[in-house]
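A quick write-up on the structure given underneath.
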Amino acid sequence: MIARLLMFFAWQAAGLAVGAWLATQGPLDAGLWHTAFCLTAAMAVSAWLAFFWDLHRARRLLVWLRNGSVAAEAPVLRGVWGEVVDRSRRRARESERALRQSQARLDDILSALQASPNGVVLLDAGGHIEWCNQMATEHFGIEAQRDLMQSIGNLVRDPAFVAYWSGGDFSSGITMPGSRSTGARPVRLAVNLHRYGEGRTLILSRDVTAVEQAEAMRRDFVANVSHEIRTPLTVLTGFVETLQTLPLETAERAHYLGLMAQQASRMQGVVSDLLTLSRLEGSPPPGRTESMPLALLLSQCEQEGQALSTVLGRRHTLVFPAADGLGGASLLGAPQELRSALSNLVGNAIRYTPAGGTISVAWTVLDGSDSARGTLGEGEISVRDTGPGVASEHIPRLTERFYRVDRSRSRETGGTGLGLAIVKHVMQRHGGRLRIVSQVGAGSTFSLVFPAMRVRVEAAAAAQNR
Ligand code: ADP
62 MIARLLMFFA WQAAGLAVGA WLATQGPLDA GLWHTAFCLT AAMAVSAWLA FFWDLHRARR
122 LLVWLRNGSV AAEAPVLRGV WGEVVDRSRR RARESERALR QSQARLDDIL SALQASPNGV
182 VLLDAGGHIE WCNQMATEHF GIEAQRDLMQ SIGNLVRDPA FVAYWSGGDF SSGITMPGSR
242 STGARPVRLA VNLHRYGEGR TLILSRDVTA VEQAEAMRRD FVANVSHEIR TPLTVLTGFV
302 ETLQTLPLET AERAHYLGLM AQQASRMQGV VSDLLTLSRL EGSPPPGRTE SMPLALLLSQ
362 CEQEGQALST VLGRRHTLVF PAADGLGGAS LLGAPQELRS ALSNLVGNAI RYTPAGGTIS
422 VAWTVLDGSD SARGTLGEGE ISVRDTGPGV ASEHIPRLTE RFYRVDRSRS RETGGTGLGL
482 AIVKHVMQRH GGRLRIVSQV GAGSTFSLVF PAMRVRVEAA AAAQNR
């Protein structure tokens, strides 16, 4: 500021000097008035010059400020105006940095919302879409660019949503079908609206299809279990009452007790299969430290099968591969589970195949063998029967819990409806799969397919193979 005053005084002093010089140029007798006029005029001119010079510099500053960008070349000014330029430039830089930072933060927040597995839509006070993430476009069938600033009420026309949106009470959410929902593949969304800011609205949507399906399955499962247990229990209670109230002959008593034992063992079967399933679901997948020699597995299941066929009085022919034709193969996994899976398949084949039928079990190594490394390709144990077969529409559902093609036939032979569900679980836990090929009237083949990593041959057998 002082520099600026000094500058002004310098201009005035220059004006004074010029005025004094002009006064000496006139006639000597021009007098005091002439001298005063010259001095005043010269000082006034110098003041105006100083003023215009200032104006010029102020204009340059203004032009630079109006440009609106700090990046534009700042005018080189000294003194007060120079300081104004410096300070303005610093302020502008700071606010540009703050703007960049808040833009980056906003971008981060929007990226986080974009990455959210839930749908997010931001509406302005009028219910127009200001922003939405990719998931919301899939849930509601809207498009981020095309539908920007469109009213949500016009775009989402599901009756439940329309009532929710127009009702204005957002204290609880709704569930509604997603835009991609079809009869075959229903999609259910849980939608919640929240007010925020000045009349703005946030829409959150979540795909709850799996949750609803799981809930429906849980309800069905509880109903099925109750039914499976209640039926034999009712029969059992009836017999107990009969035994308690009626004076029965010894033979009759024995007959009733036999029937009661049958019902009790049916309940026991259901409970034991349920426990097996829950154990399978609740324990970690089996590692590859344990192994089950294939020959042992097959011989155990063969014995069980023979016993079951005899109990049922069906006289089946059971064909199992000879132990030395198995190449010393072993399956890596939990022996108990492997045995449970195969004995379920052999048991089913015997139970559903009429008397005199044949059940053939085979071991096949599929492509991908490498005898040099002692590894094999996928291994398959197939159980083929000459039973009634299964119609194709039932096949995908056979592994559902309590699903039976013929309920009474399953019960007659002591079925629980859980056998194939257990087999499927065991195979999944071993990284394998259950393959079912069947045709009505032409028998069925149920196969356990194990991944190569679960199939091993003894070193000696591998050497022999080479
Ligand atoms: P279940 O205890 O009723 O046998 P599973 O889960 O073992 O229950 O089998 C489900 C259904 O699959 C059976 O009820 C039966 O209808 C059908 N099924 C299974 N194995 C065979 C087979 N070998 N031949 C014909 N139908 C079969």
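So the numbering used here is basically just the index in the sequence shown, starting at one, shifted up by 61. Ideal Cβ positions, reconstructed from N, Cα and C, are used throughout, including at glycine.
According to DSSP, is residue i part of a helix, a strand, or is it coil?
| i | result |
| --- | --- |
| MET237 | strand |
| ARG527 | In this prediction, ARG527 has a pLDDT of 46, which is less than 50 and means its spatial position is unreliable; nothing more can be read from the coordinates. |
| MET321 | helix |
| ASN285 | helix |
| LEU41 | The structure shown does not extend to residue 41, since the chain is modelled only from 62 to 527, so the question has no answer here. |
| ASP334 | helix |
| SER391 | strand |
| LEU379 | strand |
| VAL137 | coil |
| HIS255 | strand |
| SER453 | coil |
| ASP268 | strand |
| ARG515 | helix |
| GLU487 | A small correction: the amino acid at residue 487 is Val; Glu does not occupy that position in the sequence shown. Note: VAL487 maps to helix in three-state DSSP. |
| THR21 | What is shown of the chain runs 62 to 527, which leaves residue 21 out entirely. |
| SER421 | strand |
| ARG246 | coil |
| THR295 | helix |
| LEU263 | strand |
Applying the criterion that 16 or more other CB atoms from any shown protein chain within 10 Å of the CB defines a buried residue, is residue i buried or exposed?
| i | result |
| --- | --- |
| TYR225 | buried |
| GLU289 | buried |
| ALA165 | exposed |
| ARG527 | Residue placement at ARG527 is flagged as unreliable, the pLDDT there being 46, under the threshold of 50; a coordinate-derived value is accordingly withheld. |
| GLU398 | buried |
| TRP114 | exposed |
| THR337 | buried |
| TYR257 | exposed |
| ALA523 | The pLDDT assigned to ALA523 is 49, lower than 50, so where the model puts this residue is not dependable; a value taken from the coordinates is nonetheless given after this. The residue is buried, with at least 16 neighbouring Cβ atoms inside 10 Å. |
| PRO449 | buried |
| GLY502 | exposed |
| THR236 | exposed |
| TRP72 | buried |
| LEU167 | exposed |
| TRP82 | exposed |
Just to confirm, does residue i get its C-beta within under 8 Å of one of the non-hydrogen atoms of the ligand ADP?
| i | result |
| --- | --- |
| ALA503 | no |
| ASP446 | yes |
| ASP281 | no |
| LEU250 | no |
| LEU459 | yes |
| TRP479 | Residue identity check: residue 479 is Leu in the sequence provided, not Trp. Within the cutoff, so yes. |
| ALA482 | yes |
| PRO293 | no |
| GLY418 | no |
| HIS455 | yes |
| SER499 | yes |
| VAL19 | Since the first residue of the chain shown is 62 and the last is 527, residue 19 is not available in this structure. |
| GLY450 | yes |
| SER471 | yes |
| PHE511 | no |
| ASN409 | yes |
| VAL23 | Limits of the chain in this structure are 62 at one end and 527 at the other, which puts residue 23 out of reach. |
| THR414 | yes |
| GLY22 | Since the displayed the chain opens at 62 and closes at 527, residue 22 lies outside it and no answer follows. |
| ASN285 | no |
| PHE231 | no |
| ASN405 | yes |
Terminal residues of the continuous alpha helix (DSSP H) containing residue i?
| i | result |
| --- | --- |
| VAL54 | The chain is shown from 62 up to 527; residue 54 falls before or after that span and cannot be answered. |
| ASP446 | Element bounds for ASP446: not the alpha helix (DSSP H) but the beta strand (DSSP E), 440-446. |
| PHE507 | That residue, PHE507, is in no alpha helix (DSSP H); its beta strand (DSSP E) goes 505-511. |
| SER172 | 140-176 |
| TYR413 | 396-413 |
| SER471 | 468-473 |
Where does the unbroken beta strand (DSSP E) through residue i begin, and where does it stop?
| i | result |
| --- | --- |
| LEU357 | First-last for LEU357: 355-373, but that is the alpha helix (DSSP H), not the beta strand (DSSP E). |
| ILE190 | 190-193 |
| THR96 | No beta strand (DSSP E) holds THR96; the alpha helix (DSSP H) holding it covers 92-128. |
| ARG494 | 494-499 |
| ARG65 | Per DSSP, ARG65 belongs to no beta strand (DSSP E); it is in the alpha helix (DSSP H), 63-86. |
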